[in-house]
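Chains as they are written, first to last, in the working numbering: chain A, 35 to 925; chain B, 3 to 114.
For each residue, glycine too, the CB sits at the ideal point set by N, CA and C.
Owing to the predicted nature of the structure, the values given are computational and were not obtained by experimental measurement.
Scroll down for the structure; my scribbles are underneath it.
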Amino acid sequence: MPVLPRLAALWRNLVHRRRVERDLDDELRSTIEMLVDAKLRQGMRPEDARRAAAIELGGVTVVRQQIREVKAGAGLASLLEDLRYGVRALRRSPLFTLTAVSSLGVGMAGVAVVFGLADAYLLRYPPGLADPARLAEVGRLRLAGGNPSDDAGFNTFSYPNFREYRTRQTVFDGLAAYHLGGLARFGLGTGHEAVPVLGAYVSANYFDVLGVSIARGRGFSADDERLDQARAVVVISHRLWQTQFNGAADVIGRTVRLNGRPFTVIGVTSRDFAGYGLEEQRLWVPLTAYPDGDDLTLVASRGRQWLMGIGRLKPGVGLEQARDQMARIAADLAREFPDDNKDHGLGVEPTGVLPVDGREAVHLFVGLLFALVGLVMLIACFTTAGLLLARGVTRAPELGLRLALGAARARVVRLLVIESLTIALTGAVVAVALAWLGTSLLVSAIPTAPNRNIQLAWGLGWRVVAFSIGLATVVGLVCGLVPAWTATRPMLASALSRERGGSAPRLRARAAFVVAQVALSVLLVVCALLLTRSMRHAAGIDPGFRMDGLEVVGIDLRLGGYDEPRGRILADELIRRVESLPNVRAAGSARVVPLTREREGGRFWLPGEFGPEKMIDGSQNIVSRGFFDALGLPLLAGRQFAATDRVGAPAVAIVNETLARQMWPGQEAVGKKILVGRSRWPLDVVGVVKDAKYRTIGESPSPFFYVPATLRYEPVQWIIVRPASASVIADVRAVIRTLDPNLPVTRSGALAELTAFTLFPQRLVTWLATIVAATGVFLAALGVYGIAAYHASLRTREIGIRVALGAARGQAVKLVLLQTGRLAVVGIALGLSAAALLTRFLDGMLYGVRPLDPVSFAGAALVLGSLAVIAGLIPARRAASVNPVEALRAQ
Amino acid sequence: MKTPASARATLLQGTLDLLILKALSTGELHGLGVSTRIEQLTGGTFAPQPGSLFPALHRLEEAGWLESAWDTSENNRRAKYYTLTKAGQRQLGEEQANWNRIALAMARALEG
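The following block contains the structure:
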């Protein structure tokens with residue numbers, strides 16, 4: 035068929051719809067009149083002529099519909115018509131619309147929030163990279179019998195190994211190496227006060243491999259990565275350039291101090307690049323510019339594993355091919371340098387925001403969140419489907435009329451589905467608004483990691499909006515189809531009569547929806563109760579010391595360019611001055627702040643037992659004298675550390691109760707010896723302190739010992755202060771500033787604030803589960819109420835008769851209650867069984883509560899049971915209080 | 003064509019289009035006129051019902067083969083008259099040739 039006239043017709047039909055319709059009406063009318071004329075001429079009586087004409091034409095409405103359907107854009111026009119009709123119908127019943135839209139909106143909002151989180155951290159690449167899909171990470175794997183072991187990890191490798199990888203591989207266009215974390219924390223001095231800055235050590239080809247554009251100056255050249263002649267050059271991020279150099283145009287060529295050593299700024303990266311990795315990096319230095327200066331053991335040693343790899347796959351090379359080759363190279367190196375490379379392979383993984391070895395845990399966590407919000411969305415769907423079913427019943431006469439007048443069933447189903455789609459899409463608007471709000475609340479609630487420079491923050495992008503629209507479409511179709519199908523079941527006679535009884539299948543569908551709602555809500559309430567009880571349990575756990583009021587200030591002496599002798603002097607002086615501050619009750623320093631998930635391993639042996647099987651896997655902390663007083667950790671036996679515990683004097687340790695009990699049951703621990711670490715450093719036990727919680731609040735007691743800071747120097751130190759009244763953080767910072775303006779404070783705050791991070795995942799899931807469960811229960815109660823009211827209205831007549839015949843009203847109430855009660859019981863039973871199967875997936879998140887905790891299960895059953903009774907009682911009582919005469923007359 | 007009733011029932015869409023174009027080839031007609039003309043042309047074998055005739059007229063018009071305009075009928079009624087466009091005349095020629103080919107082939111097949 036020719037295209038041009040067809041397009042013209044489409045335009046006419048859609049834009050001048052009224053005129054086209056009027057024209058059509060006129061044509062049909064004139065045809066009828068002509069037919070009548072003809073009949074009259076044949077000698078028919080006028081009435082007969084009219085009837086005969088109408089019969090011959092075959093029904094004006096039907097013919098008009100047939101003509102409309104052949105016209106261009108018929109589908110679109112009728113769709114618009116249905117949409118208009120749907121919107122009008124929804125406006126006519128605002129309560130129904132509001133309930134349906136808000137429940138779907140709330141249901142979808144949760145999913146949208148979690149999708150936003152997943153989108154930001156699981157589906158995207160770090161910004162500023164060219165064609166990131168072609169990049170792959172390279173890391174070292176532990177092997178067991180030639181294959182990756184169960185805890186293969188994805189770890190760092192040494193610089194000499196990296197040089198071998200780089201020259202032997204042929205699968206990457208370039209292979210770069212970088213070091214993040216521990217060593218790459220810098221104290222940046224630009225003249226005035228020093229600031230802590232996270233950076234990275236990178237190979238010279240780092241920017242080239244990642245495809246990062248350098249906005250000013252230059253990136254690194256091969257000459258910058260030389261072992262014999264280390265070059266102190268630095269490339270800074272756009273952000274650092276703006277914040278620390280005020281975007282100065284002449285920044286290239288300036289000299290800055292990194293950990294006290296002079297470096298020349300040679301380049302500024304493009305605005306969107308902030309390093310490869312989860313932590314934002316602000317400067318990059320060559321691998322060989324290791325700031326312990328001329329000490330190049332780190333880069334020279336094959337035994338020091340400190341680098342991660344990233345490469346750009348050659349065109350046409352897949353991950354598998356790269357894996358094969360890197361595994362072969364690793365096997366060759368294991369043969370050539372067995373001392374350092376035995377039982378180690380190489381892995382190649384796709385790039386992403388999250389570090390490779392953390393991805394699985396995050397996937398599980400996000401999966402759990404999705405499960406929770408997905409459940410509430412399902413409940414919302416069931417609620418809406420139930421509402422639509424009920425609406426279908428009340429609209430039965432209207433729909434019946436449409437069907438009787440010859441509307442195709444598919445057409446009426448389409449009309450109803452368009453209605454549910456309209457509801458769902460309006461719900462999506464609500465969902466996106468709520469998700470935006472929810473995300474900002476969530477982001478502001480996330481605490482900062484105490485020892486990492488990670489600020490989790492994300493916004494809602496267009497992908498979330500697109501996702502919500504897609505979701506709403508699916509939800510609208512799913513919620514709308516079943517009710518639409520049952521509502522248009524051809525039962526013309528009964529629908530057209532005034533009888534409003536729902537058919538058996540329709541009732542069954544509604545009952546099934548309510549049962550499903552109740553079951554899902556029970557599941558959610560069980561989860562919420564389990565998590566809440568676990569959180570309460572966790573909050574009730576005694577950490578072993580007084581946490582409230584404690585404040586911490588962190589420093590890293592390396593960032594000030596300190597070596598051990600100078601660092602010791604400064605640390606001693608610092609603690610002395612802090613202790614003498616007027617508002618300080620007690621102060622001490624520690625290598626590790628308790629309850630921040632950090633752990634300093636402390637393997638030790640008992641004297642005379644040297645074999646690896648006799649090793650005891652303990653933990654330790656390196657603390658100053660005032661530490662125990664500051665924490666309020668009581669000494670149970672022996673003495674505290676003293677000023678006399680110094681290098682040269684006998685080395686000493688204080689152990690915890692658990693260690694003392696496990697090593698020397700029934701004996702005095704003070705006076706015994708432990709041998710610590712690979713060097714079997716002998717320490718005399720001089721005291722025993724009470725057990726405490728060290729890494730997390732949920733851990734069980736384990737052997738732990740303390741070593742005095744005077745014996746073992748640690749550049750990373752946390753000053754732990756118990757103030758007498760108000761906060762002393764500002765005072766401590768001032769002390770540090772007066773001692774050395776070039777030494778930055780890495781982090782400071784109340785201990786409770788820092789430890790908040792460790793429990794955040796649990797807390798988040800608990801909040802979410804509680805909100806989600808409350809929403810679910812509310813929606814389920816609505817569903818139960820709806821079906822109870824409906825049952826009651828169906829049986830009004832029967833109840834009327836019963837009451838008229840002398841039945842007690844209580845009995846009538848019982849009648850209705852029994853019906854809803856049955857549904858609730860089935861739902862609760864199903865929900866509890868599902869919970870029994872599923873709650874073990876929460877196990878890792880629970881403290882002191884078992885996944886099959888009877889209290890939570892009984893509580894959930896009770897909550898839903900009593901809600902069902904209340905929701906059923908209201909309509910039941912109303913039905914029973916009806917005047918029997920009216921009830922009989924009503925139908 | 004000995005059983006007109008069954009022939010009427012199986013009026014193919016293509017056939018109807020061809021008959022409409024043919025009916026209009028001698029001059030403009032309104033809807034009912036087209037119907038009567040087809041009845042005459044086919045000797046009463048085909049008498050398209052309005053339910054199929056009017057949709058077909060509108061379809062052909064949207065395809066650009068017919069044009070319509072309001073005019074006064076022989077009985078002084080306002081009626082919508084259809085005429086063949088240039089494209090319609092060409093289409094008639096093509097369909098006619100096509101039909102003849104098919105009819106010839108069918109006749110040959112049924113004789114053999």
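Item to complete: Can you give me, in chain order, the residues of the segment 65 to 78 of chain B that have a beta carbon less than 9 angstroms from any beta carbon in chain A?
Response: Hits within the stretch, in order: Ala65, Gly66, Trp67, Ser70, Trp72, Ser75 and Asn77.
Worksheet item: Can you name the start and end residues of the alpha helix (DSSP H) that A/Gln76 belongs to?
Response: Counted as a single uninterrupted DSSP element, the stretch harbouring A/Gln76 is not any alpha helix (DSSP H), since DSSP gives it neither H nor E.
Worksheet item: What residues from chain A crowd round B/Gln42, counting only those whose CB sits closer than 9 angstroms?
Response: Going along chain A, no residue has its Cβ under 9 angstroms from B/Gln42, so there is no contact; the nearest lies around 15 angstroms.
Item to complete: Can you check the segment 672 to 732 of chain A for any alpha helix (DSSP H) of at least 4 residues that lies completely inside it and give the ranges in chain order?
Response: Qualifying alpha helix (DSSP H) stretches, in chain order: 691 to 697.
Item to complete: In the DSSP assignment, find the unbroken alpha helix (DSSP H) run with A/Val512 in it and report its ends.
Response: For A/Val512, the enclosing alpha helix (DSSP H) begins and ends at Trp496 to Ala521.
Fill in: Counted within 10 angstroms of its Cβ, other Cβ atoms place A/Lys105 as buried (16 or more) or exposed
Buried, since its Cβ has 16 or more Cβ neighbours within 10 Å.
Discussion item. Contact criterion: CB-CB distance below 8 angstroms. Does A/Ala914 meet it with respect to chain B?
Written reply: Nearest CB-CB separation between A/Ala914 and chain B: not below the 8 angstroms threshold.
Worksheet item: Per DSSP, which one or two residues make a beta bridge with A/Pro230?
Response: Paired residues: A/Gly221.
Discussion item. On the criterion of 16 or more Cβ atoms from any shown chain inside 10 Å, does A/Glu926 qualify as buried, or is it exposed?
Written reply: This structure cannot settle anything about residue 926 of chain A, because the visible part of chain A is limited to 35 through 925.
Discussion item. Contact defined as beta carbons within less than 8 angstroms: I believe A/Gly810 pairs with A/Ser555. What is the distance between those atoms, to the nearest angstrom?
Written reply: About 4 angstroms separates the two Cβ atoms, so the contact holds.
Practice prompt. Look at the alpha carbon of A/Gly682 and the alpha carbon of A/Arg746, and state the distance between them as a whole number of angstroms.
Written response: Rounded to whole angstroms, the gap between the alpha carbons of A/Gly682 and A/Arg746 is 12 angstroms.
Worksheet item: Among A/Leu693, A/Glu748 and A/Glu632, which residue has its Cα nearest to the Cα of A/Val657?
Response: If we check each option's Cα against that of A/Val657, A/Glu748 comes out closest.
Fill in: 4 or more residues per run - each alpha helix (DSSP H) lying fully within the segment 24 to 108 of chain B
Taking only runs of at least 4 residues, the alpha helix (DSSP H) segments lying wholly in the segment 24 to 108 of chain B are 33 to 43 and 52 to 64.
Worksheet item: Is the segment 392 to 409 of chain A touching the segment 127 to 145 of chain A, taking contact as three or more C-beta pairs under 8 angstroms?
Response: The segment 392 to 409 of chain A is in contact with the segment 127 to 145 of chain A.
Worksheet item: So is A/Arg836 in contact with chain B if we call contact Cβ pairs under 8 angstroms?
Response: No, because no Cβ of chain B sits closer than 8 angstroms to the Cβ of A/Arg836.
Worksheet item: Below 8 angstroms, can you find three or more Cβ-Cβ pairs linking the segment 278 to 285 of chain A to the segment 199 to 219 of chain A?
Response: Under the 8 angstroms Cβ criterion, the segment 278 to 285 of chain A does not count as touching the segment 199 to 219 of chain A, having fewer than three qualifying pairs.
Fill in: Alpha-carbon spacing of A/Leu505 relative to A/Val37, whole angstroms
Looking at the backbone, the Cα of A/Leu505 and that of A/Val37 are separated by about 36 angstroms.
Item to complete: Identify every residue that forms a DSSP beta bridge with A/Thr303.
Response: Residue pairing from DSSP places A/Thr303 in a beta bridge opposite A/Ile248.
Practice prompt. Could you check the C-alpha separation between B/Leu31 and B/Lys24 for me, to the nearest Å?
Written response: Roughly 12 angstroms separates the two Cα atoms.
Discussion item. Which complete alpha helix (DSSP H) runs does the segment 826 to 895 of chain A hold, if anything under 4 residues is left out?
Written reply: Counting only runs of at least 4 residues, the segment 826 to 895 of chain A fully encloses the following alpha helix (DSSP H) elements, listed from N- to C-terminal order: 830 to 838 and 843 to 872.
Discussion item. Counting beta carbon pairs with one atom in the segment 577 to 597 of chain A and one in the segment 446 to 464 of chain A, are three or more of them shorter than 8 angstroms?
Written reply: A contact between stretches requires three or more CB pairs, one per stretch, nearer than 8 angstroms, and the segment 446 to 464 of chain A fails this requirement with the segment 577 to 597 of chain A.
Worksheet item: Between which two residues does the alpha helix (DSSP H) harbouring A/Gln339 extend?
Response: For A/Gln339, there is no enclosing alpha helix (DSSP H), as DSSP marks it with neither H nor E.
Discussion item. If you measure between the beta carbons of A/Ile708 and A/Val719, is that distance less than 8 angstroms?
Written reply: Taking 8 angstroms as the cut-off, the beta carbon of A/Ile708 is found closer than this to the beta carbon of A/Val719.
Practice prompt. Report back the beta-carbon spacing between A/Ile821 and A/Leu849 to the nearest angstrom; my notes put them in contact at under 8 angstroms.
Written response: Contact between A/Ile821 and A/Leu849 is absent: CB atoms are separated by about 14 angstroms, not below the 8 angstroms threshold.
Worksheet item: Got a sec? Which residues, its chain only, sit under 7 angstroms from A/Ala620 by beta carbon, not counting five neighbours each side?
Response: If we look at A/Ala620 and ignore the five residues flanking it on each side, its Cβ neighbours are Gly660, Asp663, Ala664 and Arg756.
Worksheet item: Mind pulling the chain A residues with CB within less than 7 angstroms of B/Arg61?
Response: In chain order, Val104 make up the part of chain A whose C-beta sits under 7 angstroms from the C-beta of B/Arg61.
Worksheet item: Hey, is A/Val96's beta-carbon within less than 8 angstroms of any beta-carbon in chain B?
Response: Closer than 8 angstroms to some Cβ of chain B, the Cβ of A/Val96 qualifies, so yes.
Practice prompt. From the DSSP output, read off the bridge partner residues of A/Gln654.
Written response: According to DSSP, A/Gln654 shares a beta bridge with A/Glu634 and A/Phe739.
Worksheet item: Within 10 angstroms of its Cβ, does A/Arg829 collect 16 or more other Cβ (buried), or is it exposed?
Response: Residue burial is scored here from C-beta neighbours: A/Arg829 has at least 16 other C-beta atoms within 10 angstroms and is therefore classed as buried.
Worksheet entry | Integer Cβ distance of B/Gly66 from A/Pro39, believed to fall under 8 angstroms | The pair is a contact, with the Cβ atoms about 3 angstroms apart (cut-off 8 angstroms).
Worksheet entry | Sequence-distant residues of the same chain with beta carbon closer than 7 angstroms to A/Phe404, five excluded per side | Here the set comprises Val148.
Worksheet item: First and last residue of the alpha helix (DSSP H) that includes A/Ser614?
Response: Counting along the chain, A/Ser614 falls outside any alpha helix (DSSP H), and DSSP gives it neither H nor E.
Discussion item. Contact criterion: CB-CB distance below 8 angstroms. Does B/Leu20 meet it with respect to chain A?
Written reply: Taking CB atoms only, B/Leu20 has no neighbour in chain A less than 8 angstroms away.
Worksheet item: Does A/Ser112 get closer than 8 angstroms to chain B when you measure Cβ to Cβ?
Response: No, no contact with chain B.
Fill in: Residues of the segment 81 to 102 of chain B with Cβ closer than 8 angstroms to any Cβ of chain A, in chain order
Those would be Ala81, Lys82 and Ala89, in chain order.
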